[in-house]
Structure formats: C-alpha cells, structure tokens
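In my numbering, the protein residues as written are -15 to 947.
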Amino acid sequence: MYIYMVNDRLALLAAVEKGIAEGEVLRLALQHAVAELDGLGGTVHLCGPMSALRLVSTVGLSSGSVRPWEIIDQESPAVPARAVRRRGRVWAADGSAGAMRPGAGKGWPGTGLASVALSDGVSSVGSLTVVTGPAGEPSEEQWRFLEAVTAWAQERVDQAPPPTRPTHEEPSGSRLRQALKAVEVGTWDWNIRTGELAWDDAAMAVYGTDPTDFVPRVESWMKVVHPDDLRWTLAAAEKAIRDRGVFEAEYRVRRPDGSYGWTETRAKVVLDDRGEPYRMIGTAWESNESRSARDALSRALRYMSDGFLSADEDWRITFVNLEAEDVLGSSEEELFGRVLWTLPSVRQVPGLESRCREAAAKAAPTSFDVRMPDTGSCYQVRLVPLPDGVTLYFTDVTDRRRHEAERAAAERAAGERATRIAELTAALAKATTSRDVVDAVAQRVLPPFAASGLLVQALEDGRAYNVGSVGYPQSFLDNLQGRPRGAKDPVWDAISTSGPVFVSSAEEYAARYPAMADRPHLTGKGSWAFLPLTASGLTFGVCVVAFDQPRRLTDEERTLLSAISALVAHALERARLYDAEHTRSRELQSALLPQQLPALPSCELAARYLPTEQGADVGGDWYDVIPLSAGRVAFVIGDVMGHGLSEAVTMGRLRTAVHTLAGLELPPDEIMGHLNDIVGGLGADSYATCLYVLYDSTTGTCSVTRAGHPPPAVVQPDGTVRFPKAAPNPPLGAAEQPFESIELQIPEESLLVLFTDGLVESSEREIDEGLGDLARLLADADGADLGTLCDTLISGLLPVGRTTSDDIALLVARVHALAPDRIACWPLPEDPRAAGIARRHVRDQLAAWGLEELTPTTELLASELVGNAVRHGRGPMTLRLLWDIDLVCEVSDDSLTMPRIRHASETDEGGRGLQLVASLSQRWGTRYTPNGKCIWTAQQLPDPDVCLPSPEPFDLDAVPPLE
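What follows is the structure in structure tokens.
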C-alpha cells in the first residue's frame, strides 16, 4: 500500500509543468517530503560561496525558529551540513549530540531530523531536511522517496528559467527625476579566500543594509539575495572565478521594508602573484529604472559640469562628456576609441599616466590633483576602477585650491606670528638685561615681519640714548646717541604722542620730515615703524623696526607690532632696573677688589677677575696680597657662595677682616678661625670658601690653610705641577675650630697659582677634570710672563664663545728668596751683656752692608729690644737683621708674653722703651714663633741719591738700656 502512495506522489511531481521557477520547485519538493514522512516541517539549504549554506525554503516552521539556520557553515555539526559533506543520508534522533537543531533547548516538537543531499551529479549543492513526527527515523522506502524527490528537484531546477524583471511603464517627469536622483553606484570588495566582504556607503544603500548592522562577511550578501535568485547568481560568480573573467548578474535584493528590488552588479576577479583568484571587486546599482531613465542618466552625464570619461581595460575611451571634451581639447568623435595616453593634452601633464595606472592596478578608487601646463588650471581627478575598465572625473578646482592655499598661507602666517609672539613672550620673560631684551626682539620679531633693522632708544634727562640695535652702521648710531628733542622727528613724535608712527617709503619720510631727508640714504632702509615704549603709564623710549624696501603695513601687522611694543616696553623697564642695580653691584665689587697689586721683592704678581656672564648677578669671588714683616707675604683668595649685592658686601667684609687679622701677625689657622666666626655671625645661610697662603722669603716655606677651597697649584722651576694635599676643612660658616695647616718648602722662582672654583668647575666639567686641564696648561707655561700666563689659563679653560655662570678669580705669584748675604742672625746670652753684644753685631753687619747711616738708630733699637727681652723674657735670645725693602731688626726669645706700649708718667722710672722704639722705627710689631715670640722693627733704607753728613762718634755702650 505504501509503495503505491509513494508512486502517486512521484507521479504528481512528474506531472508538474516544466519551466516553473526555481523557488516553486524547491517548495513543492519540500512539501511532498514532509507529507510523506508525516513530518512537522522542513528546510532546504543551498551551498553558497566559501563554506556557507543558505536557507532558501521552509515548510511548517516559523521564521523565528529557523533564523539560526539562515546561514550554516558547511563544516559545522548541523544535520544539513553533515548531509552535504556526506553527499547522502543523515539521521539525528531528538536529544542526541548530532541533532543540532536550531530550536534545541526551546521545546521544539518532533523526534529527530532526517536530511538528504541535493546533488548535481558531481558534488553536493545543498540539502533537504525534514523534522520527523512520532514515526521517528524514516524507513528504507522513505529514504528512497526522499532521494527520488531531491533528484526530481535538481532536474527541474536545472530546467528553471532565470528570473525576469517586471516591465514598467515609461516614468513621468517626476518619477524620472526620482529615478535619476536615486541612481547610486556602490563598490564592493570580496576576499574569495577568507570570505571578508567590504561595502562602501553607496553599496550599503543599494543592498538595503544599515551600516551599524553590517557584518563584513559574504554571508551578509547571501542573506539579502532573493532565494530564487541565489543559486544561479552563485553559479555565475563561481564561473567567473573559474574562468578568471567578469561576473555580471541582475538579481533581486531584499529591502529594509521586506520588499524586493532589482539590482545589477559587475565585477572582475583579481589574481595573486601566482595567477590564482583571491579577490573579486565590483560595483552594484539599482536597476529598477527603465531604459528612458538610463538614457536620461546618460544625458545627465553628458551635460554635467564636471568632466567625465570612461575607458576600457586597454584605456581606450568609450564615453566622454562635453566638459571632458573641453579639458582634453578634442571632440567626442575625435576621442572615441583613442587610447587616453596618446592624447597631447594628457601627455603634457606630468605623472598623470603613472598615477592612473597605479590606481587601476590597486583596484581601488583614488583621487588626486593635476595642473594643466597650458592653462595653469588645477583639476581634481577621481579614478574609479570597473570590472571592464575605469571611469575618470575631472573637476575644476583652480579657484578652490587658490582660496585654500591663500587661507592656508594666512593661517600658517598667523600661526607663525602667534608662535613668534609666544616665543617672544617667553624670551622676554627670561630676559634679564637690556641687551637680552634687544636680542629677543631681533630674533623673534624681525624674521616673521621680514624686517632688517632694529633700534631701541630710551630717554634720560630729555635725550634719547641707544639701548641696542641691529642692522645699522655704527657711524649712524653715534650720530643718534644723546639726541635732544626735535620739532620734526619721528622718534620724538612717537614718544610725545605715545602712539606709533608708520612711514612706508623714503619719499614719505622726506615729505614728513624734510630736515632729516638724508637719513633713509644713510641707513639704506625703505620703510619704518616707530613704536613708543610705554610702561606704568609713562613713555620712556621708542622701538624702531625698519625694512629694506618700501612697504605699507596692513592693519593686522600694525596692530600686532603695537601689541609687541607693549610687551617690549614692560620687559625693557624691568631690564633697566636690573641694569642699574647690576651696575651698582659691579662698581661696589670692583671697589672692594685690589685696585693694584703691591710691588714686592719677594714675589712677582699677576691677577685676573672675570665676572659672571651677562645678565647674572655679581658674585663674591675675591683675592688679596698682604705684605707682612720680615720678608713675608700673605696670598689670599676666597669665594662667598651665592650671587648678588649682599654677597659682594660680604666679600668686602671678609677682605677687610683678613687685612686686619694679618696685620696682627696671627698664624694662618687663627686667622681662618676668626673668619669662620665672622661668616657664621652673618646668618645660617651664609657660607664662604677661603685659601690663605703665607710665604716666608727668608726660609722659602709656605704655610697653607684652606676652608672648603680648591688647593693652590705649585709649579716648580722644572715645570712640575702639584696640588698640595692640604686638609680641606669645611667652608667658613660651617667649620669648627681648629683649622689644620701644612708647611711646604717652595724652591725659588716657583709659581703659586690661587684660583676660585669657577675656573676649573662647571656644569659641563667636574673639578678633577678641570684641575687636570689646569695642570697641563701650567706645565706648558715655560717661564711665560705672568700676565700672559693668566690670559692663557683663562682662554684655555674657558674657550672663546663659552660663558661662565660663576665668577672667576685668579692670582699667580712667582716667589723669590731673600739672598743669604742679606740675612744675619746671632744667638745672645741671657744676661745684661747681651745688649752690648747686639750693638757690636749691628755695627759690624751694617758696615759690611754699607748702611752705616742707620748704625746709631739700629744700635739703639737693638739695645732696647734686647734689654726688654732680658728683663721680661726667658730662654735663649736671637738677634736677626734683614736687608729687604727696609732694614728689619728682630729679637726673639722663648717667652709668650707680648709687650705693649705703656704711657709712663713723669715720675715713672721705666715704661718708655717701646715708646722710643716706635718713634725711631718706621714700623714695629710682634708675632708668635714656634718657640715663643719675636719683636721686630723696620727702618726705611737711605736714599742713595741723598748725601747726609756723617754722625758724630758716639759710644752707645756707655749708655744703659732704657726700661
């Protein structure tokens, strides 16, 4: 009975007339299959590109329940996909892992899924699937029926005619305009290997897809194609891929409202380096309009304002409109069929052919500008590759590009000016001195305005004085210096009115200021802007900006220069206040430093002082040379930390204190201790460094004491350079007593080089490196003049063009020893006879030296000094005579008690000895020695050009010493 029913169904299908649509064939086959298996519903899927299966027909199932099966990957475990892969039967009972129903888990009825493949005799092209009812798995007869139905369906699908477009009446004028307006060509790019699909905005509109919902896969295209058109459209695409040819098709596409409209597409296959297809690019457009609308579109292209032409794959022109004819310089008849690159008007455009060929090879729309050499017109060329050629659009953008260039130039100029103003503001904020202000204006204002001259003048006592200038001859500036107010003068006009004065040419200058008509010739300038400098409501100067050529400044330029002058005025006012203070500080510092070095037989001297770079505050670097008794001399150098007027004052205090303390004949370590107390009393933030070197020409020894200061350099006569390892001690103000000193033996003619850290240390050089450089320069000095040596050291350690951020003080001394034949020394006994012995030694030695004129006075001084030592001192006594720049008489003993002058009354028997010593000697003093004390006197040597009468003979031995 069942076999008869099956035969009846097949007979009904065989009786269906041929030529019915493909979709109707699939629906009939699916309906009979579901009915025969007593199923609940069914689906038909067809193979698409890549590995996609597209749902094209359903029976008995809602659209919502089958939505997950609209597109199925052929490699998925879904039943339809498994049937395609097996090219046969697939059964999956409900609940099994292989069922993979779209409605699983949502209470779908049925006992399972039965699916058979649709085959074209070579491969599977799809599958037919039935949702089975209570009967469950189909019997063998039912499986054979399903296979027979799919065979009938495949046969009738092959016989189905392609879909035909509905005919339309000729559109009215309004409908024609709407059709033309709606004509929009979209481009698309499909990667055949990966399935990636790209649509432009026009393609989105053609395919009725919202860009926010678009998924860049070929399945997005399959979903919108009408099911009846999908199979043969895919077949045409596959044929184009196999043949490496052109894909052309017209099919229906689902609109957002659910209706279908006709769309036409043309595409070509792109090959990879191995000649294998890997991409398909094409265009798509709506094709619902009639032939008359297409003709209207052609007419619109023909007469549109932009140039338009199309060319085939060999670049032969197939269409050209009127504007393109005018651009190319030939008529349509002359252009049709010609290769684009053979046209003279095209060949003369540099790079046009190469750029077009490059764009076509990339198969991507592109646009670029070209300029026609003969007319100078600028055209924007837009090239759109097509499957069988290209289209080119020519748009005249000459005026647009000129306006864009002018706007860009104006914006660029405005931006550059704004940048310059910002840079000028920053530079003026950093400017410290008036020179800094002038330099900032010259660097930041002259270039953007193409100016060549700058002159800044300030008023003092009713006269205009030059502050700084650029681009003017010195002779002209000398003529302007200190110029009084004039009746007709652009500088004074700007100052008196507090408003700018603009002169655009030499002729205008001569007309407005006839008494100064020769000035443009003297300066070589052609136009000027005289800008008043006003700050705090007072105009105190003028800034003159000059140009080489006649020039009438625009309103914008004049406004900008006026704004700049306000910035310059405030900066210059601040800089002038600084200059005044800085000048006072420099004068104070210069006054506090030695005005000249003493001339001493014990040493030759040279010194240099370099202030900080321009714009920095004065520093506290200083040096001094202090002559002491008995052929001794003190070399001192120091550095007060910081810069400013207070530091310069502190430096003066320290120098005065050193002079006072050295004059008291104190040892170097005690002097340093007193200086430390002075600096410590100035405040917690006051610090200074100091180096004190005491040289004794009678012994050739140096006592070195330093507080936080670099050590001196000692250069021996053979050129050996060393830096004594004296204890550094902390800086003054931070140190604690006692200070350590070292004793050095210095050969005669050696150099002592004292310096501050600014000479050897900077942000670019460590102090050890600087000391090494100094040592190399000193080793190469080779007995040079000391002044020349100072210059060599400074130039060698501070190359030309490099400024210093710290003061530099440098003191160089070449030491000499007192000749042994000018030193006489005798021990004396500890009894009253010592005075007589001392007088005898004095007479004999002065006679040997030829200083008999000083004998009586020296005998009396020696007698008093020895008598004082005998009465008030103790231990061995020593008498020493030194013939130096004066005659020195010294008496030493082991007592630490220092004598002092007493003011004796008329009835006192003693206390007049030191008064006599003070009246007979030029200077006298006392000092401590390693074993006690020393009292000394100094007498001026007689002038060899003055002859004095010989004194009467006088026996001082008969006179007892005064007490």
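The beta-carbon is built from N, C-alpha and C at its ideal position, and this holds for glycine as well.
Using the C-alpha atoms, what's the distance from residue j back to residue i?
i	j	result
Tyr607	Pro431	46 Å
Glu154	Asn272	Confidence in Glu154 is poor, its pLDDT being 40 and thus under 50, which makes the residue's placement too unreliable to answer from.
Lys165	Gly44	For Lys165, the predicted model reports a pLDDT of 42, less than 50, meaning its position is unreliable; a value from the coordinates is still stated below. Going from the Cα of Lys165 to the Cα of Gly44 covers about 42 Å.
Ser905	Leu866	14 Å
Arg263	Gly373	17 Å
Val624	Arg496	58 Å
Gln924	Ala819	23 Å
Leu214	Pro52	19 Å
Asp769	Ala591	12 Å
Leu880	Val699	36 Å
Val529	Glu390	27 Å
Pro695	Gly665	26 Å
Asp927	Glu649	28 Å
Gln15	Val365	57 Å
Leu728	Ser687	6 Å
What's the call for residue i, buried or exposed, on a 16-neighbour Cβ count within 10 Å?
i	result
Gln441	buried
Pro150	With a pLDDT of only 47 at Pro150, under 50, the local geometry of the prediction cannot be trusted, and no value is derived from it.
Cys809	exposed
Leu(-4)	exposed
Val199	exposed
Met206	buried
Gln58	buried
Gln950	Nothing in the structure corresponds to residue 950, since the chain is present only between -15 and 947.
Ser670	buried
Tyr676	buried
Lys472	exposed
Ser107	exposed
Ile959	The requested residue 959 does not occur in the structure, where the chain is confined to residues -15 to 947.
Asn660	buried
His693	buried
Glu748	exposed
Arg386	exposed
Gln573	buried
Glu1	exposed
The ligand HEM heavy atoms versus the CB of residue i: any closer than 8 Å?
i	result
Gly851	Of the ligands one can find in the structure shown there are none, so the ligand HEM has no counterpart to examine.
Which residues bound the beta strand (DSSP E) around residue i?
i	result
Leu517	511 to 519
Phe352	350 to 355
Asp173	170 to 175
Val826	From DSSP, Val826 is part of no beta strand (DSSP E) but of the alpha helix (DSSP H) over 817 to 833.
Under DSSP, the alpha helix (DSSP H) around residue i begins and ends at which residues?
i	result
Ile384	According to the sequence as given, residue 384 is Arg; it is not Ile. Element bounds for Arg384: 382 to 414.
Gly48	47 to 50
Val422	418 to 428
His16	6 to 20
Met656	652 to 664
Leu336	336 to 346
Phe460	458 to 464
Arg570	539 to 576
Does the Cβ-Cβ distance between residue i and residue j come in under 9 Å?
i	j	result
Asp870	Ala922	yes
Asp604	Asp741	According to the sequence shown, residue 604 is Gly rather than Asp. Not a contact, by the Cβ cut-off of 9 Å.
Leu515	Val487	no
Val190	His210	no
Thr113	Gly26	yes
Leu629	Arg536	no
Leu408	Ile548	yes
Leu758	Leu743	yes
Glu203	Leu130	no
- With contact counted as at least three CB pairs below 8 Å, one residue from each stretch, are the stretch 790 to 801 and the stretch 842 to 856 in contact? no
- Message: Is it the case that the stretch 306 to 317 contacts the stretch 331 to 350, given that we only count it when at least three CB pairs across the two stretches are under 8 Å?
- Response: no
- With a cut-off of 8 Å, do at least 3 Cβ pairs link the stretch 64 to 74 to the stretch 93 to 109? yes
- Item | Validate contact between the stretch 686 to 705 and the stretch 757 to 765 using beta carbons, cut 8 Å, 3 pairs | yes
- Do the stretch 817 to 837 and the stretch 897 to 916 make contact, defined as three or more Cβ pairs closer than 8 Å? no
- Message: Does the structure place the stretch 710 to 722 close enough to the stretch 651 to 669 that three or more beta carbon pairs sit under 8 Å?
- Response: yes
- Query: Is the stretch 1 to 20 touching the stretch 126 to 142, taking contact as three or more C-beta pairs under 8 Å?
  - Reply: yes
- Task: Kindly confirm or deny that the stretch 634 to 645 and the stretch 678 to 691 touch, where touching means at least three C-beta pairs closer than 8 Å.
- Result: no
- Message: Taking 8 Å as the cut-off, does the stretch 246 to 253 touch the stretch 217 to 234 (at least 3 CB pairs, one atom from each stretch)?
- Response: yes
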